[in-house]
Amino acid sequence: MIKYKLICKSCNLSFDSWFASSQEYEKLKKKKFLSCHKCNSKKVEKTLMAPQLLNKLKLNNNDKKFQKFNQINKKIKEYQKFIEKNFKYVGENFVYEARSIHYNDKKNTNKGIYGTASIDEIKELKDEGIDTEIIPWLEDKNN
Numbered sequence: 543m544i545k546y547k548l549i550c551k552s553c554n555l556s557f558d559s560w561f562a563s564s565q566e567y568e569k570l571k572k573k574k575f576l577s578c579h580k581c582n583s584k585k586v587e588k589t590l591m592a593p594q595l596l597n598k599l600k601l602n603n604n605d606k607k608f609q610k611f612n613q614i615n616k617k618i619k620e621y622q623k624f625i626e627k628n629f630k631y632v633g634e635n636f637v638y639e640a641r642s643i644h645y646n647d648k649k650n651t652n653k654g655i656y657g658t659a660s661i662d663e664i665k666e667l668k669d670e671g672i673d674t675e676i677i678p679w680l681e682d683k684n685n
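The sequence shown begins at 543 in the working numbering and counts up by one.
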């Protein structure tokens, strides 16, 4: 998902909107499906946006953003430990193994699998009816 700040060239209204991808925005724009919710004009364009990034060096330990950042990192690491303990790592062979389990009825395997795949590969698996999820993965930088 991607969020763009949009502006209506007719009434000058600025608003945010979410899209599945930048390509999805372009497709909707080309088909003239984007419109201003105030004046219904089709003259809607992206504006310049700066991403909001957290700089750990500028945040202090009492800052709410820093605390939220740490809570999210902690939760992701808990998920990672659970996955590593309960699933089999198949690395770059994830797509092959997922299809093998799905089509060869190897559902009786003791463990699920995890590994790496591109977004397009995950989309293909989902289109085939293979249940997959994308989980953010944090590398341990202390090593």
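Just so it is clear, CB atoms sit at the ideal spot from N, CA and C, and this is done for glycine as well.
Quantities reported herein were computed from a predicted structural model and do not represent experimental measurements.
- Any idea what DSSP makes of residue 575, helix, strand or coil? The answer is coil: DSSP assigns residue 575 none of H, G, I, E or B.
| Residues sharing a beta bridge with residue 655, DSSP | 630
- Per-residue DSSP class, three states only, for residue 670: coil
Cutting at 6 Å between CB atoms, please list the residues of its own chain near residue 561, excluding the five before and the five after it. 544 and 567
Checklist entry - What are the boundary residues of the beta strand (DSSP E) that includes residue 587? => result 586-588
ask   = Can you find at least 3 beta carbon pairs, one from the stretch 660-675 and one from the stretch 629-644, that sit closer than 8 Å?
value = Judged by Cβ distances under 8 Å, the stretch 660-675 makes contact with the stretch 629-644, as three or more pairs qualify.
| request: Count the other C-beta atoms from every protein chain shown that fall within 10 angstroms of the C-beta of residue 621, then say buried if there are 16 or more, exposed otherwise. | output: Exposed is the call here.
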